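Protein chains in written order, with our numbering: chain A, 603 to 737; chain B, 603 to 737.
Ideal Cβ positions, reconstructed from N, Cα and C, are used throughout, including at glycine.
Everything numeric in this text was worked out from a predicted model, so none of it was measured.
Note sheet for the following structure.
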């Protein structure tokens, strides 16, 4: 089975290091730009300003060996299973971000509302959000 | 950059072929069981019956070459960019499923409510759902 991810684009953000990042995107994250690589640009036709989308990223600085962790940097709390947390350090560090599309350029650049990922983070996928389902 | 996914488990379901699958899980999908592989079982500590979780799967029968497609099997509609659809046929066929945990066994088996993926589908991740964020 081929389980190697294809990188369809990357993020441009003013967040240059992990210290710059809020814990979650509802904590004052800045706007960011998604650059879609040329071979995947036909795939973003029909994405428009105003769309709510799920953006999937590959959190490339994550520690993939983590199975148990402390929740939300509370280092005195007991360690919990990583799958009951949103820690980016996990076996498959796939980031899921609910963002609003602010603009789409002809050259495959999508500007989005508050996004808490690092500059140069690889992009895996974009999906429309269906309001009736929650995801 | 290592972008090979780790398979943390697999799905057991009565859905044995794509013809058995409803288009989305809110269309009468059956219960299913997530088997977590032994080396990742510590990661599901703290997941309990009644939790709402996001389950990430690898839709292993997908066609990863698709960039444009017809939406929802409406073959007379114009083709649209795949990233404006929820088609499983896409460069990185990551399934995102909002499910309720019905039970967790000591041996790493998690029973969940309606899930529309095929038997033997690989599992990539489980994350808690934060109701305040929608995802």
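is_contact[residue 697 of chain B, chain A] using C-beta, thresh 8 angstroms: Not closer than 8 angstroms to any Cβ of chain A, the Cβ of residue 697 of chain B fails to qualify, so no.
Rounded distance between the beta-carbons of residue 694 of chain A and residue 726 of chain B, thought under 8 angstroms: Contact holds; Cβ gap of about 5 angstroms.
Is residue 607 of chain B close to chain A, meaning its C-beta is less than 8 angstroms from at least one C-beta of that chain? Taking CB atoms only, residue 607 of chain B has a neighbour in chain A less than 8 angstroms away.
Any C-beta of chain D under 8 angstroms from that of residue 658 of chain B: The structure shown has no chain D; the protein chains it does contain are A and B.
Among B/634, B/607 and B/729, which has the Cα closest to the Cα of residue 719 of chain B? For the residues B/634, B/607 and B/729, the minimum Cα distance to residue 719 of chain B belongs to B/634.
Within chain A, the residues that residue 686 of chain B reaches when beta carbons sit closer than 9 angstroms: Neighbours of residue 686 of chain B on chain A, chain order: 645, 646, 647, 648, 649, 650, 653, 655, 728, 729 and 730.
In whole angstroms, what separates the C-alpha of residue 627 of chain B from that of residue 730 of chain A? In this prediction, residue 627 of chain B scores a pLDDT of 49, lower than 50, which makes its location untrustworthy; no coordinate-derived value is stated.
8 angstroms CB neighbourhood of residue 681 of chain A in its chain, flanking five on each side removed: Excluding sequence neighbours, residue 681 of chain A sits near 670, 671 and 672.
Can you tell me which of the three DSSP states residue 727 of chain A falls into? Strand, per DSSP.
List the residues of chain A whose Cβ lies closer than 9 angstroms to the Cβ of residue 670 of chain B, in chain order. By Cβ distance, chain A contributes 644, 645 and 647.
Measure the Cβ-Cβ separation of residue 690 of chain B and residue 683 of chain B and say whether it is below 8 angstroms. Taking 8 angstroms as the Cβ cut-off, residue 690 of chain B and residue 683 of chain B do not qualify as a contacting pair.
List, in chain order, every chain A residue whose beta-carbon is nearer than 7 angstroms to that of residue 692 of chain B. 727, listed in chain order.
8 angstroms Cβ cutoff, residue 636 of chain B in contact with chain A: By this cut-off, residue 636 of chain B is not an interface position.
Give the C-beta separation of residue 667 of chain A and residue 649 of chain B to the nearest angstrom, bearing in mind that I take them to be a contact with Cβ-Cβ under 8 angstroms. That belief does not hold up - the Cβ atoms of residue 667 of chain A and residue 649 of chain B are roughly 20 angstroms apart, past 8 angstroms.
At the 8 angstroms Cβ level, is residue 683 of chain A part of the contact set with chain B, yes or no? Interface residue, yes.
What does residue 671 of chain A pair with, by DSSP beta-bridge criteria? For residue 671 of chain A, which the question treats as bridged, DSSP gives the partners A/682.
For residue 746 of chain A, which of A/612, A/632, A/619 and A/662 has the nearest alpha-carbon? Residue 746 of chain A cannot be examined here, being either before or after the span of chain A that is shown, 603 to 737.
Sub-8 angstroms separation of residue 704 of chain B and residue 713 of chain B beta-carbons: Yes; because the gap between Cβ atoms is below 8 angstroms, this pair is in contact.
Should residue 651 of chain A be labelled buried (16 or more other beta-carbon atoms within 10 Å of its own) or exposed? It counts as exposed.
Could you say which of A/708, A/692 and A/654 lies nearest to residue 644 of chain A if we only look at CA atoms? Closest option to residue 644 of chain A, Cα to Cα, is A/708.
Is residue 645 of chain A helix, strand or coil when you go by DSSP? Taken through DSSP and simplified to helix, strand or coil, residue 645 of chain A comes out as helix.
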